[in-house]
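Participant: Position one of the sequence shown corresponds to residue 1 (our numbering), numbered consecutively onward.
Every residue, glycine too, gets a C-beta built ideally from N, C-alpha and C.
None of these values were measured; they are calculated from a predicted model.
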Amino acid sequence: MPGAPNVQLQSLLQASAWSNAQLARMVVAVAGEHGRHLTCNRSTISRWLAGHQPRPPASTFLLEALARGLDRPITAREAGLSRAPAPDLDLSGAGLDPVLRLNQLTLADLDPMQRRSRNAAAFSLAALAGPPLSGRQPRSRPLRRPAQAVGAQAAQMRAMASLFAEAAENHGGGSTRASLAAYLAHEVIRWLHVSASEEDYRQLLSASAQLTLLLGAACIDDGDHGLGQRHQRTAAELAVEAQDHGMLTVALRAMATHAYELGHHNLAVLNLAERAAQAARHAPRVTQAYALAHLSVLQAHHDRRAALARLADAERLYDQADSAPGAFTAYPPGGLQYQRAQVFAALGEAPRAAAALTTSLRLRTSTELRASTLTHARLAEVLLEMGHLDRAVAHWAEFLAARPALRSTRTAHRLTVMRQQLRPYYRHRHAAQLLNEAKGLA
């Protein structure tokens, strides 16, 4: 039975200047970003306005849809909802210490009940504002470990970050998530309460930011976009406190990339990519190239000339860079070519995008399984757009052959795209064979 009419929800809807149908479409779009098929139409919105309470996760998607319409966060209380999930961790950037947030996030990830609640959180466009670029005040840290061991611990954490990054690349982020969360919760957090010199403690914070960003990527690869975004933001805040411009650049760029992969390339995402490029001015050249390459992808949706200029800058800086091997100190040449392909795809130049993707595949190494697999899929999509069905099918065959080794929702999404794009060609022998092989795969 419905309760009284939801006047709070009605007020928010009026403030957004949306119709019931427009709000319903946005709710469905937000759900789709999270891999959920949600039935919601103008009649659904009418029932909610009349007092019916949407059940989670529909309530979560409704709040994010309203936030996008009003360009500010909306709470369950403000929308008159009583069946929304428990309030999530603050994303406003004010108040909550990043070390405390990291502790809460990792412990929640390890607790099945809390993890289920956190996973109900939606990806938030309002959270893209990111942390301030200024540092925080030093915290009070009780002595729990000998100060002279701090440097060795920071080095160990960086080594573990490299191991986790390599494992995620070869097996997918879903395979590393639990062990990475446990390492952060049970080992790293303890070290973030040591007494050490400011320089040594900044090294701990920087290494923690690397691991936190990797956990965010693992969550995203496991389909938990809201939680992944929270880890990314926490990593950026840790980098701010560490005064590590390079790590801040990588974290902000990761946030912008995540939003872009979910289909957002508006000014808010462009501004985030610009902030990453701004932070990179004080970072090594390879990091500057890394930031500018993705900035050029975002600019391709707004300003062709600026996009090509930033891409040229990224390639020039990359050629001049002298970087050491490592997940956060190097930028694979195949990755730069992939960004080049994204620029030309956004500009509608499919042949140049295909050429860049082909070069990207040639430059990929045996340790870049996930990247190579996704590149095969993306190249197949571009080739089919150009009318080259046989060549597209060949690359999709490579994609299907590699995919079972990866626990990754990104590859699952590309599999869905493959099915959709090949379905009209079911009479083509090799296309039919691929569609048959894809049956039952998730």
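Would Glu-33 pass as a contact of Glu-169 if the rule is Cβ separation under 8 Å?
Facilitator: Translated into positions along the sequence shown, residue 33 becomes position 33. Translated into positions along the sequence shown, residue 169 becomes position 169. Not in contact: Glu-33 and Glu-169 (Cβ atoms no closer than 8 Å).
Participant: What separation, rounded to the nearest whole angstrom, lies between the Cα atoms of Ala-392 and Glu-261?
Facilitator: Position 392 of the sequence shown, counted from the start, is the residue given in the question as residue 392. Position 261 of the sequence shown, counted from the start, is the residue given in the question as residue 261. So the alpha carbons of these two residues sit roughly 22 Å apart.
Participant: Whole angstroms is fine: what's the gap from Arg-310's alpha carbon to Ala-289's?
Facilitator: One-based indexing of the sequence shown puts residue 310 at position 310. One-based indexing of the sequence shown puts residue 289 at position 289. Looking at the two C-alpha atoms, the distance is approximately 9 Å.
Participant: What residue range is occupied by the uninterrupted alpha helix (DSSP H) comprising Ile-45?
Facilitator: Here the question's residue 45 lines up with position 45 in the sequence shown. Segment 42–50, the alpha helix (DSSP H) holding Ile-45.
Participant: Contact check, Thr-176 vs Ala-167 under 8 Å by CB: the rounded distance?
Facilitator: Indexing the sequence shown from 1 puts residue 176 at position 176. Indexing the sequence shown from 1 puts residue 167 at position 167. Indeed, because the Cβ distance is near 5 Å, the residues count as touching under 8 Å.
Participant: Which residues in the same chain as Thr-409 place their Cβ atom closer than 7 Å to its Cβ, once the five residues preceding and following it in sequence are excluded?
Facilitator: As a position in the sequence shown, residue 409 is number 409, starting the count at 1. Hits under 7 Å: Gly-35, Asp-221, Asp-222, Gly-223.
Participant: Tell me where the alpha helix (DSSP H) around Ala-327 begins and ends.
Facilitator: Position 327 of the sequence shown holds residue 327. No alpha helix (DSSP H) contains Ala-327, which DSSP labels as neither H nor E.
Participant: Taking only beta-carbon positions, decide if Gly-173 is within less than 8 Å of chain B.
Facilitator: Reference to chain B is not applicable here, since this structure consists of a single protein chain.
Participant: Closest by CA to Leu-105, which one among Thr-212, Val-286, Thr-416?
Facilitator: Looking up residue 105 in the sequence shown gives position 105. The candidate whose alpha carbon is nearest that of Leu-105 is Thr-212.
Participant: Return the residue from the list His-265, Leu-336, Gly-173 that minimises the CA-CA distance to His-302.
Facilitator: In the sequence shown, the residue the question calls residue 302 occupies position 302. Comparing Cα-Cα distances from His-302 to each of His-265, Leu-336, Gly-173, the minimum goes to His-265.
Participant: What are the complete alpha helix (DSSP H) segments, minimum 4 residues, inside the region 217–263?
Facilitator: As far as the region 217–263 is concerned, its whole alpha helix (DSSP H) runs of at least 4 residues are 225–242, 245–261.
Participant: State the Cα-Cα distance for the pair Leu-38 and Ile-74, rounded to the nearest angstrom.
Facilitator: The count along the sequence shown starts at 1 and reaches residue 38 at position 38. The count along the sequence shown starts at 1 and reaches residue 74 at position 74. Roughly 20 Å between the two C-alpha positions.
Participant: What is the rounded straight-line gap between the Cα of Met-255 and the Cα of Gln-232?
Facilitator: Walking along the sequence shown from the start, residue 255 turns up at place 255. Walking along the sequence shown from the start, residue 232 turns up at place 232. Those two C-alpha atoms are separated by around 6 Å.
Participant: In whole angstroms, what separates the C-alpha of Leu-9 from that of Pro-56?
Facilitator: Residue mapping note: residue 9 aligns to position 9 of the sequence shown, counting from 1. Residue mapping note: residue 56 aligns to position 56 of the sequence shown, counting from 1. For Leu-9 and Pro-56, the distance between alpha carbons rounds to 16 Å.
Participant: From this set, Arg-285, Leu-406, Ala-127, which residue's C-alpha is nearest Ser-323's C-alpha?
Facilitator: As a working note, residue 323 is residue 323 in the sequence shown. Minimum Cα distance to Ser-323 is reached at Arg-285.
Participant: Would you mind working out which of Leu-336, Ala-31, Ala-236 sits nearest Ala-58, comparing C-alpha positions?
Facilitator: Your numbering for residue 58 matches position 58 in the sequence shown. Selected option, being the one with the closest Cα: Ala-31.
Participant: Apart from the five residues just before and just after Thr-234, which ones in its own chain have a Cβ nearer than 7 Å to its Cβ?
Facilitator: Position 234 of the sequence shown holds residue 234. Contacts found: Pro-98, Arg-101, Leu-102, Leu-105, Thr-212.
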